[in-house]
Each structure stands twice: as C-alpha cells, then as structure tokens.
Amino acid sequence: MQRVPRSCYNLNTMNYNIIWALLLVLSEGVLMQGCPSGCLCNQPQTVFCKSRRSQIFPKGLSQDTVELYLFENGITTLDEDSFLDIPGLQLLDLSHNKITSLQKNIFQPVSNLSNLDLSSNWLQEITNETFYGLRLLERLYLEGNKIHYIHPSAFDTLESLLELKLQKNRLHSMPYLKLPQLLLLDLSWNQIPLIESSTFHTMNIESLKIAGLGLTTLDEQLFQDMKNLHELDISDNQLFQVPSALQQLRGLTKLNMTGNIKISRLQTEDFSHLHNLQELDISNINLNTIPKDFFSFSPRLKTLTIAENPFNCICQLSWFVQWAQENGVRLLRSEETRCHFPPKNAGELLENMEYVNFGCPTTTTTTTPTVRTNTLKPVVPVTNNRFFVPSLITTLPPQKSTPRQENSTPMPVPALESRTSPQIQLCPPQTCLNGGTCQLDAYGYLECACLEGFSGLYCEDKVMKVTALPVTKVSMSTKQISIKEVTATSLKVDLHSYINSRPLLKGISLMYRNLSGPDKRPVILSLPVSLPDYTVRALRPNSSYYICIGPLGEKEFEDELCLEAQTTQPTQQQHAPVTQTKDSNLTLMIVPALAAVLLVVIVVATAMYYIRRRHSKAHTDTVVDLGPLQVEGAKSFPENGTLTSHSPKLPENTVLSNGLECEIPLMQAHGLSNNNTTVLKPSYF
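Taken in order, the sequence shown gives residues -32 to -1, 1 to 653; the numbers are from mature numbering (1 follows the signal peptide of the UniProt record, and there is no 0).
Spelled out as structure tokens, the structure:
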C-alpha cells in the first residue's frame, strides 16, 4: 500500500524535471553532431538554414551531412574551404542569395553532389572550371541570375547531368551543350534571337523550353536528332508562322506556342505529323478562325488552349464547338475564349455558342428526279457600306468591273436562279447596329443601310454628338442611357443599352459632378463592360448632378452621352431608426437567454469547486492502492500516446474517484518518443 500525498504537485514537478533533463541531453547531442547557429537539424543528415541572414557560409557542419539548404541567407561569397568538412554532401541549395562569382574548382571537395541549386543569385559568368569534378551531378539550376557568358566547355565534365535550367539570364548566344544524358533544358527569357542546330548535342532530351528569346524562325535541322522530345515550349517569341521544323517531332505530346502574336493564320498541314499531340496552347496568336480539319491529324488531343484570340464567330467556325464536345477535348481558359465578330456575338463565350448563333445560311432545298436547286431571295440595292464575311464565300457569275472604295473588300455571293426567287439570309442577325439593315447591293456586296444620324461600316458611328437634354427629375433617359434614383444620396445609371450598341468597348468612363454645390470638379470612374448598371453613391441630397458616360481611353469623352439628374430631399422614413425584423427579434430573445444560462453555469461551477475542496481536505489521509500505470477511474495511455476508444480522454484537471484533484502534465512520458513530423523541403523532382 502507498500513501497518496496531499496533492500531485511533487509528482508533476518530478515529471517536468525529467522532461527538461532529457531535452537538455538531446539538445547537447545535436550540438555535438554539428548544427550551426540559426539552423535546424531535426532530421538525420539534413540541415535547414533558411533566412539565416548571414553573409558567410555556416561553420561547424557535421561530416555526415547529406542535404544542406541555405536559401535566403544573404551569402555573398563561398570560400575555398567551405565544403572541406562535408565530403558526403549530395544536395546543396544556395538559391536566393547574393553570390556574384564562384572560385574555380570550388565544388571539387563535394564530388558526390547530385543536386545543385544556384538560382536567383547575382552570378555573371560560368567558366570551364566552375563545376569541375561534379561528374555525378544530375540537376543544375542557374535560373534568375545575371549570367551573360558561359565558356564553351563549361558543362563538358557534367556527364551525368539530367536537368539544366538557365532561364531568365542575360545570354545573347546559345551555349555549347554536349550532354548526352540531358532530359530537360530551359533557356527561356534570355536574348537569343537565333539558335543554331550545331550547338545542340542532346539526343535524349525530353523537354525543351525556349520561350521569350525573340526567335523569328527555327532552324530546319534544329530537332533532327531529338527523337525523344515530348515537350516543347516556343511561346512569346516573334514567329511569323508555325515552324516547319515541328514536322520532325513525331513523338511530341505537349506544345506551347502562346504569345506569338504575329501568327494570324493556321494551315491544315502545320501539325500533320504530330499524331501523338495531347496538349496544345495556341492562345494569343491573333487567330480569327481555325481550319475545320486542323485537328484531324491529332486524334489524341485532350487539352486545348485558344484564349485571347479575336475569333470571328461566323459560319466558318461553327464546327468547332461540336468537334470539341464529340472528341472530349477540354478547353482551358474558356472564360478568356470569346467571340469578337460579328457584333451580335462579340464577347460571347465560344464554348457556349450553338450552331444557330454562327449565322450560317439556311437553305430551302427542292428535290427533283434529276436536279437539286437552292432558291434565293431577290437582291435589293442599298447604300455602299460594304464589308467582308469570310465564311460566306461562294461562286459569283462574272461581274463587270466597277470602282470600289479603298477600304472595301469584295464579297462574292451565290448565283441567282431568278430575280424573283427568295434569297439566302447572308447576314447574321443584328450585324448592323442602331437600326441598320444588312443587304446586298447591285454588285453583290454586303452592306449596312443606316438610319439617319448614323454611319460607319456597321452603322456604329453617330453623325452628330448625342447629348441628352437637362432634366429636373431622375428617371429621365436618352436612347442609350437612363438614370433613376435609388436613395436621396445615390443614383443608378443604366449602361445596358449603351454597352450593347458598342460591342468593341474595352471599358467605360463615367464622369459626374455636382452642379448645386460649391465644388463642381468632375469625378471620373473607370468601369468594366460587364456591368449592366452602376450606382453612384455618396452624393449630396437635393442637388443637381451632371453625369456622362463614354468609351474608356478616348480623350475628353469624344463619344459621350450625358444626362442631368437631381437627388431628392431626404424623407423622415430615410432617417428613421432601423426597424427590427423577425431575425433581429429572435436575436434579442436569444442573447439574454444565453446570458442567463451562462450565469447559472458559473454559479454551479463555483459551488462544486468549494464542495470538492472541502471533500478533499476530509480525505487527506485516505490510503489507496494505485497501480504503476493506472489511476482509479482512468485508463492508461497506449504506446502511441492516444487513448483507446474505451478510455475517455483525461481533462487538464482530473478529479480522482477518491476526491483528489491533480494536474495531468502537458507532456506525458510517451511524448518523448521520436518526432515523426516531416519537415517540408523544396522538391527537385
């Protein structure tokens, strides 16, 4: 039998003393193993020194260090003896420091190095002796430096190199590469306008990234020996057309050509040999349309990006949406893939377009035993606002030569069977704006006949500036703008009609000023075209305001519409106290109830505390039999430090069955087991 003390304070104190003693021993052991100040060494053979803020290389590293992370330390130089004490080093991360140069043979003491990251430093050149001795190096990252010169034989000794990253430097010429094992090469965002095929000796390369170099063309023989190339990035260059050199890459699965804005046309045969292509990015290359059979040579295509192209959503492109759905092709950046023409489709998502929205001509077909003919409506001559719709090209009968306008483009139309037969509706609905009518003139040209006061190719221009008359009350409107009062200090401007009449708007400028107050300076706001209306707030009540809208970016609102509107005097209702809703009444009922319940709980808890305290004093000398790992009323802890499903978790202050009150230590003995928490580290794979 064992006598229980008056409290568990001595027991807890002893446990804490044991814990701190063990921690002290462990910390001394770590220091003896070699962990520099400001570093973390909680994993075997791994040292983390992030944001150490020291210009010198750390000293006192353990000889068995295998992985060393020194990113964001502020290191400026490496001494010749920096790596003498860690010969077994395999991974070294020196990224995001301020290293300007590397001594020759600096890495020779760590010949087992397989991963070296020197990215985002201030290096300016790489000599033929910089990486001497690193025959086992597999990954070398040099991106984000200021490198402008690389010796022709700088990488010759790196016979095991698999990855080389040189992007975002200041190279003006392609470094000579004789790396037969290389799988990944990134040279993007340098200043290399020409790459000669003779500089590449990387027959096993799988991924090549040469984006943003300023390339205007690719050498026909550049990819001749790259039979294993699967990923190619030639984005953001100055290419005029799809390079014919791509025809050699029969194993290519991923191609990125985005940002080559000088490419405005695709030919069906451009990708005729890319049968294994699975991912294609041709966004932002100034495409108006895509040939119907363009993807017929790439049956494995799964993801396609064609965003930021000014597509003409007319009949010529009507096949695309159905083709993508039937072939299970996922359209990436679909929110940025929109129509630009005709005006009725401008801004519409391409993936949401249906066949009927492309304005394809509908024909009435009459079948006879010997001939099939299409009947057409008669041609009605109108004005000469002519324009060209590529998707409607058919064959015209010979026409006599007639003078044309310089900015007009001939539009062939179908031959007519008779002057009295119905005509195909060539123009998509709402092609002509502001009430204009789309018709054919006497010479077969499409044109818009505009109403009085409008002109332009699509009747989009007003002959005279439209300004609304001043109004004394709100809710007065012109044809394309209206204003109504929301409160005594806010007015809502309806932009819907204005936006619909100008499909090529990039944005809207809204100007307003107070005509009734002393400060009449205008306030100008920039609004997106996605807003159907905008509420101008924080206005003065009982005041007259002058409000104008116009296209964003044009000087002095050259195409503005203006209205004068008046805010009203505040009513008593507007300044009355806020009335309580059902929800607020419910809140007012619940809050006092919760407060009352909380007060009762506090009183009960206080009473129980004093009762337990008196009960504890009465049983001070009680003798009980306690097991070594178990207290009556509580189960023992399993080895992993958690309670079993049959043993409820003990609270911080546990009252034993005999009435004793004891604090359970925050750290149990099982808490001293090995810390299995994985420390995150950069991935090199």
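Idealized CB from N, CA, C, for every residue including glycine. Note that the structure is a prediction, hence the values are computed from the model and not measured.
For residue i, the first and last residue of its enclosing alpha helix (DSSP H)
i: residue 466; result: 464 to 468
i: residue 533; result: Segment 529 to 534 is the beta strand (DSSP E) holding residue 533; no alpha helix (DSSP H) there.
i: residue 288; result: 287 to 294
Of the listed residues the options, nearest to residue i (C-alpha basis)
i: residue 329; options: 309, 282 and 296; result: 282
i: residue 130; options: 174, 141 and 144; result: 174
i: residue 165; options: 184, 113, 149 and 191; result: 191
i: residue 146; options: 120, 453, 188 and 285; result: 120
i: residue 449; options: 531, 492 and 199; result: 531
i: residue 168; options: 194, 179 and 184; result: 194
i: residue 455; options: 538, 492, 467 and 242; result: 538
i: residue 289; options: 309, 317, 265 and 7; result: 317
i: residue 515; options: 427, 68, 529 and 509; result: 529
i: residue 506; options: 491, 517, 495 and 520; result: 491
i: residue 44; options: 21, 401 and 54; result: 21
i: residue 94; options: 139, 262, 82 and 294; result: 139
i: residue 134; options: 148, 92, 128 and 171; result: 92
i: residue 198; options: 72, 171 and 272; result: 171
i: residue 178; options: 210, 520 and 142; result: 142
i: residue 324; options: 287, 176 and 216; result: 287
i: residue 309; options: 473, 493 and 8; result: 473
i: residue 9; options: 25, 23 and 37; result: 37
i: residue 102; options: 125, 114 and 118; result: 125
Cβ-Cβ distance between residue i and residue j below 8 Å
i: residue 459; j: residue 497; result: no
i: residue 259; j: residue 234; result: yes
i: residue 19; j: residue 48; result: no
i: residue 78; j: residue 99; result: no
i: residue 483; j: residue 502; result: no
i: residue 70; j: residue 104; result: no
i: residue 236; j: residue 262; result: yes
i: residue 96; j: residue 122; result: yes
i: residue 223; j: residue 248; result: yes
i: residue 292; j: residue 471; result: no
i: residue 66; j: residue 83; result: no
i: residue 221; j: residue 246; result: yes
i: residue 277; j: residue 255; result: yes
i: residue 311; j: residue 426; result: yes
Sheet register partners of residue i (DSSP bridge)
i: residue 27; result: In the DSSP output, where bridge partners are listed per residue, residue 27 has none listed.
i: residue 405; result: 417
i: residue 513; result: 482 and 533
i: residue 458; result: 455
i: residue 422; result: 430
i: residue 85; result: 61 and 109
i: residue 298; result: 271
i: residue 117; result: 93
i: residue 253; result: Partner(s): none; residue 253 has no beta bridge.
i: residue 277; result: Answer by DSSP bridge pairing: none, since residue 277 is not bridged.
Nonlocal neighbours in the same chain, by C-beta distance under 7 Å from residue i, ignoring five residues either side
i: residue 440; result: With a pLDDT of only 35 at residue 440, under the threshold of 50, the placement of this residue in the model should not be trusted, and no figure is reported.
i: residue 32; result: 13 and 56
i: residue 213; result: 186, 187, 188, 190 and 191
8 Å Cβ shell around residue i - same chain, five flanking residues per side excluded
i: residue 181; result: 155, 156, 157, 158, 159, 160, 161, 163 and 205
i: residue 208; result: 184, 185, 230 and 231
i: residue 463; result: 449, 476, 495, 499, 500, 501, 502 and 517
i: residue 422; result: 401, 402, 403, 404, 428, 429, 430 and 431
i: residue 319; result: 289, 292, 299, 302 and 305
i: residue 655; result: Because the chain here runs from -32 to 653, residue 655 falls outside it and cannot be looked at.
Same chain only: Cβ atoms within 6 Å of residue i, ignoring 5 sequence neighbours per side
i: residue 85; result: 61, 63 and 109
i: residue 275; result: 251, 301, 304 and 305
i: residue 35; result: 14 and 59
Terminal residues of the beta strand (DSSP E) in which residue i lies
i: residue 494; result: 491 to 495
i: residue 175; result: 175 to 177
i: residue 504; result: 501 to 504
i: residue 13; result: Neither: residue 13 is in no beta strand (DSSP E) and is coded neither H nor E.
i: residue 224; result: 222 to 224
i: residue 308; result: 307 to 309
i: residue 35; result: 35 to 37
i: residue 139; result: It is not in any beta strand (DSSP E) - residue 139 carries neither H nor E in the DSSP assignment.
i: residue 48; result: It is not in any beta strand (DSSP E) - residue 48 carries neither H nor E in the DSSP assignment.
i: residue 32; result: Run containing residue 32: none; DSSP gives neither H nor E here.
i: residue 154; result: 152 to 154
i: residue 193; result: It is not in any beta strand (DSSP E) - residue 193 carries neither H nor E in the DSSP assignment.
i: residue 248; result: 247 to 249
i: residue 132; result: 131 to 133
Residue i: CB within 7 Å of a non-hydrogen atom of the ligand NAD
i: residue 133; result: Inclusion of the ligand NAD in the displayed structure is not the case, the ligand content being empty and no account of it being possible.
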